[in-house]
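Enquirer: Sequence lines, in order, name chains A and B.
In this text, residue positions in the first sequence follow this note's numbering: the first is 15, and each later residue adds one.
In this text, residue positions in the second sequence follow this note's numbering: the first is 15, and each later residue adds one.
There are 2 protein chains.
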Amino acid sequence: MKKINVDALFLGPKSENRKFFKEMLDFMMDEHIHWRRDFHPEDEPAVSISEQQDKDYMETLEKTEEVLLELTNKLKVSSMPWFSPRYLGHMNSDTLMAANLAYMATMLYNPNNVAFEGSPATGPLEIEVGLQLARMLGYDTRKSWGHITCDGTIANYESIWVARNLKSIPLAVKKVEPGLVKDMDDWQLLNMTPDRVLDLVDEAKAAGIFDKVRDYSVRGVGMLNERLGKVLVPQSKHYSWTKAVDVLGIGNDNMLSIQVDENFRMDINHLKNTIDGLISKKIPILAVMAVVGTTEEGAVDELQEIVELRREYEKHGVSFYLHVDAAYGGYARTVFLNDKNEFMGWDNLKETLHDLDILHQETDWPAKEVYEAFKAMPEADSITIDPHKMGYVPYAAGAVVFKDKRVLDLVSYFAAYIEEKGASDPELLGSYILEGSKAGAAAAAVWAAHLVVPLNVTGYGAIIGRGIEGANRFYNSLITEKNFDAGGRRFKVEPLTKPDFNIVDFSFNEIGNSSLKMMNEFNRKIYDLCSFHAGPVYADDWITSKTDLSIKNYGDAPQEFTSRLGITEREWEQVHDVYVLRSCVLTPFLVKHTTYEAYWRNFMKTMRKKIARIVESESLKKAA
Amino acid sequence: MKKINVDALFLGPKSENRKFFKEMLDFMMDEHIHWRRDFHPEDEPAVSISEQQDKDYMETLEKTEEVLLELTNKLKVSSMPWFSPRYLGHMNSDTLMAANLAYMATMLYNPNNVAFEGSPATGPLEIEVGLQLARMLGYDTRKSWGHITCDGTIANYESIWVARNLKSIPLAVKKVEPGLVKDMDDWQLLNMTPDRVLDLVDEAKAAGIFDKVRDYSVRGVGMLNERLGKVLVPQSKHYSWTKAVDVLGIGNDNMLSIQVDENFRMDINHLKNTIDGLISKKIPILAVMAVVGTTEEGAVDELQEIVELRREYEKHGVSFYLHVDAAYGGYARTVFLNDKNEFMGWDNLKETLHDLDILHQETDWPAKEVYEAFKAMPEADSITIDPHKMGYVPYAAGAVVFKDKRVLDLVSYFAAYIEEKGASDPELLGSYILEGSKAGAAAAAVWAAHLVVPLNVTGYGAIIGRGIEGANRFYNSLITEKNFDAGGRRFKVEPLTKPDFNIVDFSFNEIGNSSLKMMNEFNRKIYDLCSFHAGPVYADDWITSKTDLSIKNYGDAPQEFTSRLGITEREWEQVHDVYVLRSCVLTPFLVKHTTYEAYWRNFMKTMRKKIARIVESESLKKAA
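1. Could I get the ranges of all uninterrupted beta strand (DSSP E) runs contained in the segment 566-633 of chain A, with 3 residues as the minimum, in chain order?
2. Counting beta carbon pairs with one atom in the segment 546-555 of chain A and one in the segment 89-102 of chain A, are three or more of them shorter than 8 Å?
3. Under three-state DSSP, which class holds residue 559(B)?
4. Report yes if the C-beta distance between residue 575(A) and residue 530(A) is below 8 Å; otherwise report no.
5. Please classify residue 360(B): is it buried, with 16 or more other beta-carbons within 10 angstroms of its beta-carbon, or exposed?
6. Could you tell me which residues DSSP puts in a beta bridge with residue 503(A)?
7. Nearest to residue 157(A) by alpha carbon, out of 209(A), 528(A), 411(A) and 570(A)?
8. Can you give the beta carbon distance from residue 383(A) to residue 316(A), rounded, assuming they're within the 8 Å contact cut?
9. What residue does the alpha helix (DSSP H) around residue 336(A) start on, and which one ends it?
10. When the cut-off is 8 Å and only beta carbons count, does residue 58(A) lie next to chain B?
11. By DSSP's criteria, residue 357(B) is part of a beta bridge. Which residues make up the other side?
12. Please report the straight-line C-alpha distance between residue 654(A) and residue 554(A), rounded to a whole angstrom.
13. What residues from chain A crowd round residue 612(B), counting only those whose CB sits closer than 7 Å?
14. Using three-state DSSP, classify residue 238(B) as helix, strand or coil.
15. In whole angstroms, what is the alpha-carbon distance linking residue 185(A) and residue 230(A)?
16. If you pair each beta-carbon of the segment 253-261 of chain B with each one of the segment 311-325 of chain B, do three or more pairs fall below 8 Å?
17. Per the DSSP calculation, residue 524(B) is bridged to which residue(s)?
18. Does the Cβ of residue 245(B) have 16 or more other Cβ atoms within 10 Å, making it buried, or fewer, making it exposed?
19. Who are the near neighbours of residue 436(A) in its chain, counting only those whose CB is closer than 7 Å to its CB and skipping five residues on each side?
20. Three-state secondary structure (DSSP) at residue 412(A)?
21. Using a Cβ-Cβ cut-off of 6 Å (strictly less than) and excluding sequence neighbours within five positions of residue 344(B), which residues of its own chain qualify?
22. Just curious, the beta strand (DSSP E) that residue 304(B) is in, first and last residue?
23. Verify the CB distance criterion: does residue 142(B) have a CB-CB separation below 8 Å to chain A?
24. Who are the Cβ neighbours of residue 201(A) in its own chain at under 7 Å, not counting the five residues just before and after it?
25. Can you tell me whether residue 26(B) is buried or exposed? The criterion is at least 16 other CB atoms within 10 Å of its CB, across all chains shown.
26. Please determine, among 390(A), 349(A), 353(A) and 100(A), the residue with the shortest C-alpha to C-alpha distance to residue 372(A).
27. Is residue 415(B) closer than 8 Å to residue 160(B) when the C-beta atoms are compared?
28. With respect to the beta strand (DSSP E) encompassing residue 107(A), which residues constitute its N-terminal and C-terminal limits?
29. Could you please give the first and the last residue of the uninterrupted beta strand (DSSP E) stretch that includes residue 151(A)?
30. Assuming contact is defined by CB atoms lying nearer than 8 Å, are residue 113(A) and residue 460(A) in contact in what I supplied?
31. Mind checking residue 367(B): buried by the 16 CB within 10 Å criterion, or exposed?
32. Count Cβ pairs between the segment 627-638 of chain A and the segment 42-62 of chain A that sit closer than 8 Å; are there 3 or more?
33. Listing by chain order, which chain A residues have their CB less than 8 Å from the CB of residue 120(B)?
34. For the putative contact between residue 205(A) and residue 294(A), defined by C-beta atoms under 8 Å, what is the C-beta separation to the nearest angstrom?
35. Run down chain B in chain order and give the residues with a C-beta less than 7 Å from the C-beta of residue 95(A).
36. For residue 526(A) and residue 364(A), what's the separation of their Cα atoms in angstroms?
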C-alpha cells in the first residue's frame, strides 16, 4: 500500500507550501477571468478603460481596499492559530490545500446546489461526495444516499426528521388502507423495523395510495395525533440533540439520556434497562442514537452492542431507528480501510498501521471495542459525518448519509420553478433535504479533498492516524508524568480516560488539595492563560479548550477521575462538577521536525510557567 | 447624496476589474502566509526544503494540481454565466468583489462562528451584520437581533420555531403559576400579542419560574399536548414553508394557503375571511406569513394591510405572530432609504430616484402599495432576508432578524464546552440559533459588502435600482411588442404582471392557437433552447428560467393572463396549468455600454431565431 505524503497536503504551520498554493490559486483565478471574457467574445465590456479612471470609480475601489485591509487586520489580531501544533483545543487544525483552493475557485462561479439549474457543474459533485461517504461508511452505494449539509447539527435534524416521519407511516397506512397492515395492532405498527416500513411504502405506492398515506403521517397531521415514543441518546450527546427534539416538535420530555460508563461510552446495560422499562409501559422507541467520537471526550459508543441489542429485540417484536452521530469521528473509519477500501481484519490491523508508519510500534490502539464499533457502522440507518471536522475541509460542510435511499419519499417536496417534469432526480437537492440554497463551492471542496486524499488508510487514515498517535502519546505522558514542581509548589496531572480516538481531557491539581471547587478554579485559571482570555491568542505559547463535566450531564461518571486527583467522593457529591482541559489532536504536525519527547518537554515547561504565574498572583493577593 | 460607483464593485461581465481583484487577493493571501510564519518565529518549519524534493511529496502535489485542473475544467464546461447580462433567469448575477475577497481571505483562518472561541475575529462581525440588517429593516437596534443563516429556508424554520414556542408560553405559564395569568381562559392565552407574551416571560423570570415554564412549552412537551392553531401563508409562498411546518411538527394540515389576487399578492379579503372563519371555530392563528418578493413573480404582499388587520383584531382579543419572508426582496428596502438611512417620503421618492440617476424619468415605480409594504416591514415580528440573493454575496448566506431579542430565551440551549461561566453572550451563536457550526467567512463576506456598499439608496439601492429599472423596461417592451413574425408564422408575447420589483414572467403563444397545452409545450421548447437543456449553457445567446403556475398552487389567479394570450376560460379549466418564462433582473449591467433599445432588439432577434428553430423542427417532424 502506498501512502499519500501528508506534509504535502497542507499550506503548513510555516506556510511551507506557499509557492504551490499561490501558483495554483493564481492560475485558477485566471481560468475564471478568461472564462468570463470568452463568453460571447463579441460582447462589449460593461465598463470601459476610460470609465475606470473616473474619480468616483477610483474612490469605490479605494473603499473596497480599505474595508478589506480592515478585515485582514481584524483576522490577524484575533484568529486562532489552528495551523500550529501549539494549538490543541477544539476540533480544528490546518485544512487541505486542495479543499481551500477548490472552494475559492468555485466561489467565483457561485453555484447553488439547491437545484441542477443552479449548479450543472457542482450538483453532480455533491451526489458523488454522498456516494463516496456512503462507501467509506460501509453502505451499499446502490441503495444508499447522502449529501452535504451546512453542519452536523442540521444533519442530525435531518436524520431525526426522517426517523420521526418513518415511525408514523404504519399508523398512516392503517388509516388509509387497513388491508395493507391487517392483523396488526398499534404496538406492532409502531415497532415495525425501518426496512419493513420502507417496504410498506413501496406497497402503498403500488396501491396508488402513498400520497394520501403521507398526508396522514406526521408530515401532514403534525405531532399532535400520535405518540411515537422516545428518543434515546447517551448523556455524552452533542447539544444539537436537545435542540433537535425541540425543533422537530418531539419535545425534550421525549428524549431520554442513557448513562455513560467510566469510559464515557453509552452504558449498554442502562440502555437495555431503559428499553425494557419502556416496553413494559408500552411506550415505543422512536430512535436510538449512538455517538462515534463524543464532542467532549472523543468516546466511541459500543455500536456493535446496540446493533446486537436491536437484533435481539426485533425477535420479540420491538424495533427502532438507529442513528449514529459520527459528526466528529466518522472520517476515522478510513484508518480501518485498506487500499481496496475493505475493512481490515483485527489480526493484522495494528501490524498494517505500524508497517505504514501511521502508528508507532509501542502505541496500543485501537481498543477492540472501538474497532468493533467502527466495523458496525453500516448497520445504522443513518450517519452524521462532518467533512469540516476530520475531513480537513474549511467550514461549512457537514454531511448525512442514509442506508436506504427510499427514505427520501418521506421528506421530499417539490417547487414548480425548480422541478423538471416527471423527473425525480436526486440532483434537485432542495427537494429532498432540510436545507434550500447551498454553496456548490462546499461540495467542490469536499469532492477535491476526497479525490486527492483517498478515503482509506493510504489517505485520510494517514492524516488522522497522526492525530491518534499524538493523542495516545500525550495520554501516556500524562499518565507517566504524575507529580511535578511549579512555582515552588507540587502538582499532579491526570487524564480523564484513555482516548478511544484523538481527544485527551485532563486536569491539574495541587498535591494535598482536596477541594474540588479549588481544583476547578485552578484549572480555569490555567485555561485562561492558554486561550483568548489572556488577550490575543497569537501571543500564547500553547492553546487549548475546556469543558465542564457535571452530574446534570454525566451522572457520577466523572467521580473516578476526580478521585484519582485526590478529591473525595463526598467532595464530588457536594460540587458535582469538574472542570477539565480538552485537547483535540487533529494537527498532523504534532511531532514533525522534532521528537515527541521534545514536544512534551516543551509542553510541560509551558505548563510549569503558567502555573508558577498563577501561584505568584495568588501569593500577591494574599500579601495585599 | 453621493452614490457609490456600481461598476467598480464587481469583477464584471468581461473581468473588467481583474487587476484590482487579483492584486487584492494576492496581497491578502500574503498577509495570511506571513501571519503563519510570524506566530512563534522560533518554531522550526514542519516540512524542510529538502523533504519538499522527495518523490512522493512531489507526487502528492501533482495529484492536487491534477484534481484542481479537473475541477476547473468541470466548472468551465457547465457553470451558469451569471455575470453576463445575457443571463436573466434565477436570482443570480455577479457578486461583489469585496464579498468574494473577504470570503477567500477569511477562509484561510477558517473561523467557526458557532462560539466565540472558534471565531474571536468573525463572531463580532456577524453580530454587527445582524444589527446592520435590523437597522436597514427599520427595527430598533437596541431591542432587535439578527444573524446569518446558511440559507433562507433555515431562516424561515427559525422564525416559525420562535413563533411556535412563543405561542405555547402562556399555556405553560398557566400550568406552572396560574396566578401570573389569572382570569384568562385558554382562548385569551392563545391570543396574547407577541409583545405581551415576552413581557410574561420577563414576569416568569422575575418569579423564578421561567425554566419550568419553558419545560412546559412545546420545547419541553413537544407538539403533542397543545393545539396552537394555524399558520396562514399566501399561495405564492416558497416551498420551504411546506417543509417548515413538516419539520417543526406542526403538519401541513395546519398550514392554510391564502389566495393571491391578479397581481399575485396575498388577497387581503381572503385572509380576513379565513381568520374570521377560524375565530368562529375558536381555532387560534399561530402565525401569518407575508412575502416581500415572491420567488416566482417577485410580488410584494400588502404587508401594511396585514399589519392594520392585526391591529384591528387585537382590539377584539385575537392576535398572531407576523413573519415576513423577504429572503428575496428584503435588500430592496435600501432603495427607499436616504443617505441618513431614513425611509423617504412618498412625495419626493421618485424625484430622488430620478435625480440619483437610479430610475429613468419615464419609469413608473414603485406602486404606492409596494412603497407602503416596504415601509411597514418593521411592524413584523421577524424577517427572513438573504444576503446571497440581493445582497450580492456568494453562497451561502441567508439571515433572519427578530424585532425583539427577548425571543432568544425561547430557543436557547447551552453546551458546557462552549459556555462561559455566567455569560449569556450573543456571540455564543450556536446557543441561540437553529444551526451549529457555521462559516465565519460568510459573516466576513457580508460584513465587508455592507461596509463597502451602504445599506441605503446611495449603495445597495443604486445596484438594485438598476435591476428594477431593467425589469420595468423589459415589462414595457413586452407590453409594447405584442405581435411579431418568426419562422414565417405569427406570435405574441405577454408579461404576467407589472413587476412589483425586478422579476418579469412572460409567455409566448402563436396567434390563433387556443390550446393551452400547445402553448405550454411551445414555451417549454423555448426554455429548452435558453437553458442547460440545450447543452452547455456557455454557447447560449440568452439564458432564462421558467416555472409552472398551476391551479393547485395558485387557484385561478393565472387565468386572466392566459386569456390575454388567447386561451379561453374553458381551456384554462381543462388544463389548469400555465408554463411561464421567468427572468430575475439582478444584473446591474443590463444596459451598460449599450442602450436599452439595443438590448431589447437583440433579445427579440434571439427569440425569433429560437422560435424559427422550433417551427422548423415541427415542420420536419410533420414531413417525416
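Don't be surprised by glycine CBs; every beta carbon is placed ideally from N, CA and C.
Expert: From the atom records:
1. 591-598
2. yes
3. What you label residue 559(B) is simply residue 545 of the second sequence in a count that begins at 1. Residue 559(B): strand per DSSP, three-state reduction.
4. Taking the first residue of the first sequence as position 1, residue 575(A) is located at position 561. Taking the first residue of the first sequence as position 1, residue 530(A) is located at position 516. Cβ distance not < 8 Å, so residue 575(A) and residue 530(A) don't count as in contact.
5. Position 346 of the second sequence, counted from the start, is the residue given in the question as residue 360(B). Exposed, since its Cβ has fewer than 16 Cβ neighbours within 10 Å.
6. To locate residue 503(A), count along the first sequence from 1; it is residue 489. Answer is 500(A), bridged to residue 503(A).
7. The residue labelled residue 157(A) in the question sits at position 143 within the first sequence. The shortest C-alpha separation from residue 157(A) is found at 209(A).
8. Here residue 383(A) refers to the residue found at position 369 when the first sequence is read from its first residue. Here residue 316(A) refers to the residue found at position 302 when the first sequence is read from its first residue. Residue 383(A) to residue 316(A), Cβ: 5 Å. Contact.
9. By 1-based counting over the first sequence, the position of residue 336(A) is 322. It is not in any alpha helix (DSSP H) - residue 336(A) instead sits in the beta strand (DSSP E) that spans 335-339.
10. Residue 58(A) sits at position 44 when you count from the first residue of the first sequence. So yes, residue 58(A) belongs to the interface.
11. What you label residue 357(B) is simply residue 343 of the second sequence in a count that begins at 1. In the DSSP output, where bridge partners are listed per residue, residue 357(B) has 351(B).
12. Because chain A here runs from 15 to 638, residue 654(A) falls outside it and cannot be looked at.
13. Residue 612(B) sits at position 598 when you count from the first residue of the second sequence. Under the 7 Å cutoff, chain A gives no residues; its nearest Cβ is about 10 Å from residue 612(B).
14. Taking the second sequence and counting its residues from 1, one reaches residue 238(B) at position 224. DSSP places residue 238(B) in coil when its eight states are reduced to three.
15. Translated into the one-based positions of the first sequence, residue 185(A) becomes position 171. Translated into the one-based positions of the first sequence, residue 230(A) becomes position 216. Approximately 8 Å between the Cα atoms of the pair.
16. no
17. On the second sequence, residue 524(B) is found 510 positions in, with the first residue counted as 1. For residue 524(B), which the question treats as bridged, DSSP gives the partners 505(B).
18. Working through the second sequence from its first residue, we reach residue 245(B) at position 231. Buried is the call here.
19. Along the first sequence, read from residue 1 onward, the residue named residue 436(A) stands at position 422. Unreliable placement is indicated for residue 436(A), whose pLDDT of 40 sits below 50; the coordinate value is still reported in the next sentence. Same-chain partners within the cutoff: there are none.
20. Taking the first sequence and counting its residues from 1, the one referred to as residue 412(A) is at position 398. Strand.
21. Your numbering for residue 344(B) matches position 330 in the second sequence. 399, listed in sequence order.
22. For the purposes of this step, residue 304(B) is taken as the residue at position 290 of the second sequence. Residue 304(B) -> beta strand (DSSP E) spans 299-305.
23. On the second sequence, residue 142(B) is found 128 positions in, with the first residue counted as 1. Judged by the 8 Å Cβ criterion, residue 142(B) is not in contact with chain A.
24. Position 187 of the first sequence holds residue 201(A). Contacts found: 296.
25. Mapped onto the second sequence, residue 26(B) falls at position 12. It is buried - the Cβ of residue 26(B) has at least 16 other Cβ atoms within 10 Å.
26. For the purposes of this step, residue 372(A) is taken as residue 358 along the first sequence, with counting starting at 1. Selected option, being the one with the closest Cα: 349(A).
27. Here residue 160(B) is taken as the residue at index 146 of the second sequence, counted from 1. Here residue 415(B) is taken as the residue at index 401 of the second sequence, counted from 1. Yes, these two residues count as a Cβ contact at 8 Å.
28. Your numbering for residue 107(A) matches position 93 in the first sequence. Where residue 107(A) is concerned, there is no enclosing beta strand (DSSP E), given that its DSSP letter is neither H nor E.
29. Position 137 of the first sequence holds residue 151(A). Per DSSP, residue 151(A) belongs to no beta strand (DSSP E) and is neither H nor E.
30. As a first step, residue 113(A) is located in the first sequence; it is residue number 99 there, counting from the start. As a first step, residue 460(A) is located in the first sequence; it is residue number 446 there, counting from the start. Contact flag set, yes.
31. Position 353 of the second sequence, counting from 1, holds the residue named residue 367(B). By the 10 Å Cβ count, residue 367(B) comes out buried.
32. no
33. As a working mapping, residue 120(B) is identified with position 106 in the second sequence. In chain order: 85 and 89.
34. For the purposes of this step, residue 205(A) is taken as the residue at position 191 of the first sequence. For the purposes of this step, residue 294(A) is taken as the residue at position 280 of the first sequence. About 14 Å separates the two Cβ atoms, so there is no contact after all.
35. If you number the first sequence from 1, residue 95(A) lands on position 81. Within 7 Å Cβ-Cβ: 53.
36. As a first step, residue 526(A) is located in the first sequence; it is residue number 512 there, counting from the start. As a first step, residue 364(A) is located in the first sequence; it is residue number 350 there, counting from the start. In a straight line, the C-alpha of residue 526(A) is about 41 Å away from that of residue 364(A).
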